[in-house]
Amino acid sequence: MSTVRPEDAPAVVDPDYPIDPVPAHARKSLFSLAIVLLGFTFFTPTMLAGAQIGAAFDVTSLIWVLLLGSAVLGVYVAVIGGIGARTGLTTVMMCRYALGRRGAKLASLLLGGTQVGWYGVTVATLAGLTASALEWEGRATEIVLMLVGGALMGVTAYYGYKGMYALSVVSVPLMLVLAGWVTWRSLDEVGGWSGLSAVEPATTMPLATAVTIVVGTFASGGTQAPNWTRFARTPLSGFWACLVAFLIGELLMLGFGAIGAISFGEGDFVLVLYQLGLVGWGLVFLIANLWTTNDNTAYNFGVAGAEIADSRSKKPFVIGGVILGTLLAITGIYENLIQYLVWLGILIPPLGGVVIGDFVARWRRGMPENEALPDVEWRNIAVYVVAAFAAWWSSEAEWFIPPVVGVLVAVVGVLLVQRGRRPAPERVTA
Numbered sequence: 001m002s003t004v005r006p007e008d009a010p011a012v013v014d015p016d017y018p019i020d021p022v023p024a025h026a027r028k029s030l031f032s033l034a035i036v037l038l039g040f041t042f043f044t045p046t047m048l049a050g051a052q053i054g055a056a057f058d059v060t061s062l063i064w065v066l067l068l069g070s071a072v073l074g075v076y077v078a079v080i081g082g083i084g085a086r087t088g089l090t091t092v093m094m095c096r097y098a099l100g101r102r103g104a105k106l107a108s109l110l111l112g113g114t115q116v117g118w119y120g121v122t123v124a125t126l127a128g129l130t131a132s133a134l135e136w137e138g139r140a141t142e143i144v145l146m147l148v149g150g151a152l153m154g155v156t157a158y159y160g161y162k163g164m165y166a167l168s169v170v171s172v173p174l175m176l177v178l179a180g181w182v183t184w185r186s187l188d189e190v191g192g193w194s195g196l197s198a199v200e201p202a203t204t205m206p207l208a209t210a211v212t213i214v215v216g217t218f219a220s221g222g223t224q225a226p227n228w229t230r231f232a233r234t235p236l237s238g239f240w241a242c243l244v245a246f247l248i249g250e251l252l253m254l255g256f257g258a259i260g261a262i263s264f265g266e267g268d269f270v271l272v273l274y275q276l277g278l279v280g281w282g283l284v285f286l287i288a289n290l291w292t293t294n295d296n297t298a299y300n301f302g303v304a305g306a307e308i309a310d311s312r313s314k315k316p317f318v319i320g321g322v323i324l325g326t327l328l329a330i331t332g333i334y335e336n337l338i339q340y341l342v343w344l345g346i347l348i349p350p351l352g353g354v355v356i357g358d359f360v361a362r363w364r365r366g367m368p369e370n371e372a373l374p375d376v377e378w379r380n381i382a383v384y385v386v387a388a389f390a391a392w393w394s395s396e397a398e399w400f401i402p403p404v405v406g407v408l409v410a411v412v413g414v415l416l417v418q419r420g421r422r423p424a425p426e427r428v429t430a
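1 is the number of the first residue of the sequence shown in this note's numbering; add one for each residue after it.
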């Protein structure tokens, strides 16, 4: 009887392929991708950002600001999402081609680290609002809720795409119906659109800052949209899934938050539900809303960790990130949310611009083998630094829109520094 030697046994492959191109048999439908990504963008802190912006503009201006911010985010994410579908790779793996094998570690730390921070923000939000609904008082109670919530929300990410899809396909329709109904009640509270239009802004905010906040809500998560669109059957499917989620989904969440804030003087949509006496439904909405985002967040830092360690399993890094994010929640990361969003809108989009520019310049006809990559692609790293500085200057000078400046400078800069280098030959990656 023959025996199988250990070295001949097939390697165990994570079904989410964290460092490999997704093969054709594992690709998903446009509907499946759109549902998972909508679950990601349906996020209570996005409503809080909408409320902050809504307090600074009249209704007509607010609509245009939210449309502009959502369009900037949606188009940017859709482009990089289409590239992810074309290559079959996660964002951090594409960064290996743009920044080199070791240079990509910088991107993994930046993208994975910011997602750990977001995980902490979400855990803190869940604990605080749950305690408020149930009238549980005391810091110790909130900490217990953070520990329980942080652990539970990491479960679906641990099981990967299938777990996230199963949760999102149930929660997304529920959230849409509930949010739509409460928005209608909010309009009724304030006297319809005419009453809403009569409300005067309570504060002021520069247009560039408002758009940067909108983009910042998903600057890090959107840049990592290829983590899901690499499962798309065609680049066009990846593009449209992102456009639906990051333009329409983002716009809805911002709008719900802004209308609730104007009508009830309350910036948090869940607290609007509580004011309407819907404590039970408020908790259902809260848990579904935050869980569908935070499992995607945990998935992001899981694949970033897998790239850093060159591991074919994301699971240990999901667990580690969940622990770290929960600790950040306990230490009070939620208190600095708006400034955090501004910095995300400055630092993250230029990285996506570098990936887009490098893909167009060199790899649009196929990706080379990992062995052919340099350790560090210094030219592209220099472009990223310049683009991030340009976005920061745009924010400080209140000139134009910082995330757009960062992306454009990055794309043009990479095309210039890579000018003359031939694109890779055609090679099917998945």
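A virtual CB, placed ideally from N, CA and C, is assigned to each residue, including glycine.
{"query": "Once the 5 residues before and after cysteine 242 are set aside, which same chain residues still bring their CB inside 6 Å of it?", "result": "Val77, Ala78, Gly81 and Ala225"}
{"query": "Going by DSSP in three states, glycine 84 sits in which element: helix, strand or coil?", "result": "helix"}
{"query": "Report all residues from its chain with a CB closer than 6 Å to the CB of alanine 210; omit the five preceding and five following residues, and keep chain order.", "result": "Ile53 and Val65"}
{"query": "Can you tell me which of the three DSSP states lysine 314 falls into?", "result": "coil"}
{"query": "Are the Cβ atoms of arginine 230 and leucine 110 separated by less than 8 Å?", "result": "no"}
{"query": "Does DSSP put glycine 366 in a helix, in a strand, or in coil?", "result": "strand"}
{"query": "Tell me the rounded alpha-carbon separation between leucine 327 and alanine 107.", "result": "23 Å"}
{"query": "Measuring straight from C-alpha to C-alpha, what distance separates leucine 408 and alanine 387?", "result": "8 Å"}
{"query": "Alpha carbon to alpha carbon, what distance is there between asparagine 296 and leucine 38?", "result": "11 Å"}
{"query": "Taking the CB atoms as reference points, tell me whether threonine 44 and leucine 286 lie closer together than 8 Å.", "result": "yes"}
{"query": "Does the distance from the CB of alanine 261 to the CB of methionine 153 come in under 8 Å?", "result": "no"}
{"query": "If you draw a straight line from the alpha carbon of leucine 187 to that of leucine 126, how long is it in whole angstroms?", "result": "26 Å"}
{"query": "At what residues does the alpha helix (DSSP H) containing tryptophan 193 begin and finish?", "result": "192–198"}
{"query": "Are three or more beta carbon pairs between the region 247–263 and the region 187–206 nearer than 8 Å?", "result": "yes"}
{"query": "To which residues does DSSP link lysine 162 through a beta bridge?", "result": "For lysine 162, which the question treats as bridged, DSSP gives no partner whatsoever."}
{"query": "Just list the residues that DSSP pairs lysine 105 with in beta bridges.", "result": "Its beta-bridge partners do not exist; DSSP assigns none."}
{"query": "For tryptophan 240, which residues from the same chain have a beta carbon less than 7 Å from its beta carbon, with the 5 sequence-adjacent residues on both sides left out?", "result": "Leu30"}
{"query": "Measuring straight from C-alpha to C-alpha, what distance separates glycine 366 and glycine 357?", "result": "15 Å"}
{"query": "So, is aspartate 310 buried or exposed, given that buried needs 16 or more other C-beta atoms within 10 angstroms?", "result": "exposed"}
{"query": "Taking the C-alpha atoms as reference points, what is the distance between leucine 373 and valine 75?", "result": "29 Å"}
{"query": "Count the other C-beta atoms from every protein chain shown that fall within 10 angstroms of the C-beta of threonine 204, then say buried if there are 16 or more, exposed otherwise.", "result": "exposed"}
{"query": "Where does alanine 202 sit, in a helix, a strand or coil, going by DSSP?", "result": "coil"}
{"query": "From phenylalanine 42 to alanine 258, what does the alpha carbon distance come to, in whole angstroms?", "result": "14 Å"}
{"query": "Taking DSSP as the reference, what is the three-state secondary structure of alanine 232?", "result": "strand"}
{"query": "Could you tell me the boundaries of the alpha helix (DSSP H) in which proline 15 lies?", "result": "Run containing proline 15: none; DSSP gives neither H nor E here."}
{"query": "Would you report the Cα separation of alanine 198 and methionine 93, rounded to the nearest angstrom?", "result": "50 Å"}
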